[in-house]
Structure formats: C-alpha cells, structure tokens
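> Using this note's numbering, you'd call the opening residue of the sequence shown number 17 and step up by one each time. All residues carry an ideal CB built from backbone N, CA and C; glycine is no exception.
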Amino acid sequence: MYITITPQKMGGNYSKSSADFVGYLEKENQGLEQEDMEHFFNQNGDEISAEEVVREIDGNTAKLEKTEPRFYSITVSPSKYELKRLQNHSEDLKTYTREIMKDYVASFNREIKGRPVNIDDIKYYAKIEHQRTFKGTDKQVQENQPFATRILQMKTDIRKVERGELSGNIKTMEREIAKLEKAAPNQQNGKRIVQGMQKEGSQSHIHIIVSRKDASNKFSLSPGSKYKASDVELNGKTVKRGFDRDKFFTNAEKTFDKKFGYQRNFAETYKARKDFIKNPKIYFASLMKLPTNEKALAFKIMGKAGIPMMPTIPVTQAQLAMKIFNRLRRGAEVAIKSSSIGI
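1. Could you check the C-alpha separation between Ile144 and Thr91 for me, to the nearest Å?
2. Is the separation between the beta-carbon of Ser65 and that of Thr20 shorter than 9 Å?
3. Jot down the residue ranges of each uninterrupted alpha helix (DSSP H) in the region 97 to 141, minimum 4 residues, whole runs only, in chain order.
4. Alpha carbons only, please: which of Pro307, Lys171 and Arg179 is nearest the one belonging to Arg191?
5. May I have the straight-line CA-CA distance separating Asn295 from Arg289, to the nearest angstrom?
6. I need the boundaries of the alpha helix (DSSP H) containing Thr188, first residue and last residue.
7. When DSSP labels each residue in this structure, what does Pro162 get in the three-state scheme?
8. Out of Leu102, Arg86, Glu178 and Thr111, which one is the CA nearest neighbour of Tyr30?
9. How about Ile225 and Phe57: are their beta carbons less than 9 Å apart?
10. Does Phe259 come within less than 9 Å of chain D when only Cβ atoms are used?
11. By the 10 Å Cβ neighbour count, where 16 or more other Cβ atoms means buried, how is Gln147 classified, buried or exposed?
12. Entirely within the region 65 to 96 and at least 3 residues each: give me those beta strand (DSSP E) ranges in chain order.
13. Let's see if you can read the secondary structure: which residues bound the beta strand (DSSP E) around Thr20?
14. With a cut-off of 8 Å, do at least 3 Cβ pairs link the region 103 to 122 to the region 32 to 49?
15. Grab me the residues of Val121's own chain with a C-beta within less than 7 Å of its C-beta, minus the 5 sequence neighbours each way, in chain order.
16. List the whole-angstrom C-beta distance separating Pro94 from Glu159, where the pair is believed to meet the contact cut-off of C-beta under 8 Å.
17. Distance, Cα to Cα, Gln161 vs Arg208?
18. First and last residue of the alpha helix (DSSP H) that includes Ile293?
19. Quick check: the Cα distance between Glu51 and Glu63, rounded to an integer number of angstroms?
20. Check each candidate in Met213, Ile128, Lys96 and Arg175 and name the one with the smallest Cα separation from Asp154.
21. Quick one: grab the DSSP three-state call for Ser278.
22. Is the Cβ-Cβ distance between Thr77 and Arg228 less than 9 Å?
23. Would a C-beta distance cut-off of 9 Å place Ala268 and Phe315 closer than the cut-off?
24. Would you kindly check if the distance between the Cβ of Gln211 and the Cβ of Val157 is under 9 Å?
25. Can you tell me whether Arg179 is buried or exposed, with buried defined as 16 or more other CB within 10 angstroms of its CB?
26. Could you tell me whether the Cβ atoms of Arg101 and Tyr286 are closer together than 9 Å?
27. Pull up the CB-CB distance for Ser218 and Leu99, whole angstroms please, since I reckon it's below 8 Å.
28. May I ask you to list the residues that DSSP assigns as paired with Gln203?
29. With a threshold of 8 Å on Cβ separation, who are the neighbours of Gln333 within its own chain once the five nearest residues in sequence on each side are excluded?
30. Contact defined as beta carbons within less than 8 Å: I believe Ser106 pairs with Phe259. What is the distance between those atoms, to the nearest angstrom?
31. If we count the other Cβ atoms within 10 Å of its Cβ and call it buried at 16 or more, is Ala142 buried or exposed?
Right, here's the structure in full:
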C-alpha cells in the first residue's frame, strides 16, 4: 500500500478552486456509458456529481489565506498483491475508503467543541480509478530516456534530410530508429515505455479530495501540519495540535488486512519502507531474520518495485552485506517512491 497526502498547488500558489483537479479525475469517464462510469462518493453518498464536489469544496474555505491550501489530495495505491485479494475492485475499494477515512480523522490530535475529531467533522469526496500512465519520474521512463533522446534527434534529422538541409539515407536512419526502439531496456507489449503510456495490469487506486476546513467551515484540519501529534501550553491552556501520519499510514494497512484477510509481507509494510530509507540497519536486520519463504517473497516484491537487489549473502557476512545494501539503497529510494506497486 502506498499512500500520499499533498496540498494542491498551481505554480507558486495554492489552488483557489478544486475545479481543475476534479476535472482531471473525470478523465477516465470520457467516452463511457453512464453505467460504466466511476462517480464521486463520500462517507454517506454515492454517485455525486463533479459539479457538487467543486461547489462543496470551494464553498468550504472560510478565513483561509492565499498561502494556505484549500484542500488536500490523498492518493491510495494498493499493490498488485493487495488488489488480488479483492473480489470487486470498485465496490471493495469504496468500502475500504470509508473505513480508512475513520483512520484519517483518528490521526488528528485535535478537539472540536471539547471532543475528538470524528468522521462527520470532515468534508471529503473520493473516486476510484482503474488506469495509470507512466510519468517522467518513473524508473522505466528515466532508464529509456537516452534512447528517447537519440530517437528524437534522428527523427529531426530525417525531416532535415527531407527538406534538403542535411545529407543522409532516410531508409538507413529509419532502420537505426527501429533498432533503438527495440534496444530500450524497458518495454511493454513489445513497445518502448514512454511517458504517458498506459500501464498494463491491475492499476485500481483511490483519489480523495478532503477540505482543509471541517464540515462546519469553522475549524482548520490540516494533515499537512508541521507538528506531529502533541500537546502544548498556549496562554496557560493545554492545546492539542498536529496530525500523526505514521499512525494513519500504519492503521490504513491494518484496516486493509483485517477487512480483506490479507497476509502482509514484511516488504509491503509502511514501517519497512520507512526503515529502508531512514534506518537501513534495522531494515536489513529484520529482513535477514525472516523465514526463508517470507524472505524470498520480500525480495520478489522489492524487485517488482524496481529496487536493485543484492545477491544472496550468508548471514555470517553481515558486515559486508550491510555495505552492499547501503550502496544499493542510495540508488533505490526514488524507485520506492515512484513505484506503481507502492510497497
């Protein structure tokens, strides 16, 4: 499971309206019959129109400054292994969304009118999508970039030859382009992977738009708070503040596992991903202690995520293994963050 929480920006400023983002999320519905469309929903409603989403989110921004986000985007991307546990991607992910939004509100260290934040205090809308395209930050696109650059240059040269600006054999140049297309290291269905190409396989994921202000439009609830959950003294009173992202991400995994009976491998956990980047020694020690079959699956999952794999190393050579692991880790952090399976 890979979850991100981001404030929506347009250039240097936060978006004044959710219209562009909502329009972006409607792209999969283009050309579909009504019964095949995926509609927006929230905790209690289904088939909510895009117009209503924009109206409700944009109308819930009282007293927010231009420098403050009006809404946050939460993206929840289950791995292909997690998706295999679902019977119906659309309905199961809708149910899951409603459960993890309870985890979301429980992660605020805030009180509204003397009580903890609850699910009725937030204004959110969600949508299930089933397609993904390769981005420029994806490892496959980046590794193919030298070939893409050379192919583009040769196509430009062909046009120059056609205009008489350059001498050359067009047929020879076209054959060279064909060789480069096949030589690119990352292919999908026999074609070079490029930015914008649709990814194959199960790609179902969840987009959630959640208002910065609570449902009453009086209180600010920011999951992007720089403060972790804590209590501070302010004007002689104890004030609760902050949002615990670690708690939210961890509980979102537990909710999925409990709801769908999923047996989560070590490499799929949020804690493992965090340790991989921040505490590699702890990560490596935990990895090596796994039973053989679980360790093998962990390496398989990591490989699918595009993380460079170290060779099988005896535990007795742990110090050497740690050096190799650290060297690989430095080149693998981007692969984890941009991975489509989101370990």
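On the basis of the supplied data:
1. The residue given as residue 144 occupies position 128 in the sequence shown. The residue given as residue 91 occupies position 75 in the sequence shown. For Ile144 and Thr91, the distance between alpha carbons rounds to 10 Å.
2. Residue numbering aside, residue 65 sits at position 49 when the sequence shown is read from its first letter. Residue numbering aside, residue 20 sits at position 4 when the sequence shown is read from its first letter. Taking 9 Å as the cut-off, the Cβ atoms of Ser65 and Thr20 do not count as close.
3. 105 to 122
4. Sequence index remark: in the sequence shown, residue 191 carries index 175 (1-based). Here the closest residue by C-alpha is Lys171.
5. Residue mapping note: residue 295 aligns to position 279 of the sequence shown, counting from 1. Residue mapping note: residue 289 aligns to position 273 of the sequence shown, counting from 1. Each residue's Cα considered, the two are about 10 Å apart.
6. Taking the first residue of the sequence shown as 1, we reach residue 188 at position 172. Ile186 to Ala199 is the extent of the alpha helix (DSSP H) around Thr188.
7. What you label residue 162 is simply residue 146 of the sequence shown in a count that begins at 1. In this structure, Pro162 counts as helix in the three-state DSSP scheme.
8. Indexing the sequence shown from 1 puts residue 30 at position 14. Out of Leu102, Arg86, Glu178 and Thr111, Arg86 has the C-alpha closest to the C-alpha of Tyr30.
9. Along the sequence shown, one-based indexing puts residue 225 at 209. Along the sequence shown, one-based indexing puts residue 57 at 41. Phe57 is positioned such that its CB atom lies no closer than 9 Å to that of Ile225.
10. You won't find chain D in this structure, because it holds only one protein chain.
11. Here residue 147 refers to the residue found at position 131 when the sequence shown is read from its first residue. Exposed, by the Cβ-count rule.
12. 87 to 93
13. Taking the sequence shown and counting its residues from 1, the one referred to as residue 20 is at position 4. Residues Tyr18 to Pro23.
14. no
15. Translated into the one-based positions of the sequence shown, residue 121 becomes position 105. Once the five neighbours on either side are set aside, the close Cβ partners of Val121 are Val133, Asn134, Ile135, Asp137 and Ile138.
16. Translated into the one-based positions of the sequence shown, residue 94 becomes position 78. Translated into the one-based positions of the sequence shown, residue 159 becomes position 143. Not quite, the Cβ-Cβ distance comes to about 25 Å (not below 8 Å), so this is no contact.
17. Position 145 of the sequence shown, counting from 1, holds the residue named residue 161. Position 192 of the sequence shown, counting from 1, holds the residue named residue 208. In a straight line, the C-alpha of Gln161 is about 10 Å away from that of Arg208.
18. On the sequence shown, residue 293 is found 277 positions in, with the first residue counted as 1. Element bounds for Ile293: Tyr286 to Lys294.
19. Reading the sequence shown from its first residue, position 35 is the one you call residue 51. Reading the sequence shown from its first residue, position 47 is the one you call residue 63. Using only the alpha carbons, I get a separation of about 11 Å.
20. The sequence position of residue 154 within the sequence shown is 138, counting from 1. Comparing Cα positions, the closest option is Met213.
21. As a position in the sequence shown, residue 278 is number 262, starting the count at 1. The sequence shown places Tyr at residue 278, not Ser. Coil at Tyr278, not helix or strand.
22. Here the question's residue 77 lines up with position 61 in the sequence shown. Here the question's residue 228 lines up with position 212 in the sequence shown. Going by C-beta atoms, Thr77 is nearer than 9 Å to Arg228.
23. As a working note, residue 268 is residue 252 in the sequence shown. As a working note, residue 315 is residue 299 in the sequence shown. Cβ distance not < 9 Å, so Ala268 and Phe315 don't count as in contact.
24. Start at 1 with the first residue of the sequence shown, and residue 157 comes out as number 141. Start at 1 with the first residue of the sequence shown, and residue 211 comes out as number 195. For Val157 and Gln211, yes; Cβs fall inside 9 Å.
25. For the purposes of this step, residue 179 is taken as residue 163 along the sequence shown, with counting starting at 1. That one is exposed.
26. Taking the sequence shown and counting its residues from 1, the one referred to as residue 101 is at position 85. Taking the sequence shown and counting its residues from 1, the one referred to as residue 286 is at position 270. Against a cut-off of 9 Å, the Cβ pair of Tyr286 and Arg101 comes out as no contact.
27. Here residue 218 refers to the residue found at position 202 of the sequence shown. Here residue 99 refers to the residue found at position 83 of the sequence shown. About 5 Å separates the two Cβ atoms, so the contact holds.
28. Counting from one through the sequence shown, the residue named residue 203 turns up at place 187. Arg208.
29. Within the sequence shown, the letter at position 317 stands for residue 333. Model confidence at Gln333 stands at a pLDDT of 47, short of 50, so the residue's coordinates are unreliable and nothing is read from them.
30. For the purposes of this step, residue 106 is taken as the residue at position 90 of the sequence shown. For the purposes of this step, residue 259 is taken as the residue at position 243 of the sequence shown. At roughly 29 Å, the Cβ-Cβ gap does not stay under 8 Å, so Ser106 and Phe259 are not in contact.
31. Taking the sequence shown and counting its residues from 1, one reaches residue 142 at position 126. Per the 10 Å Cβ criterion, buried.
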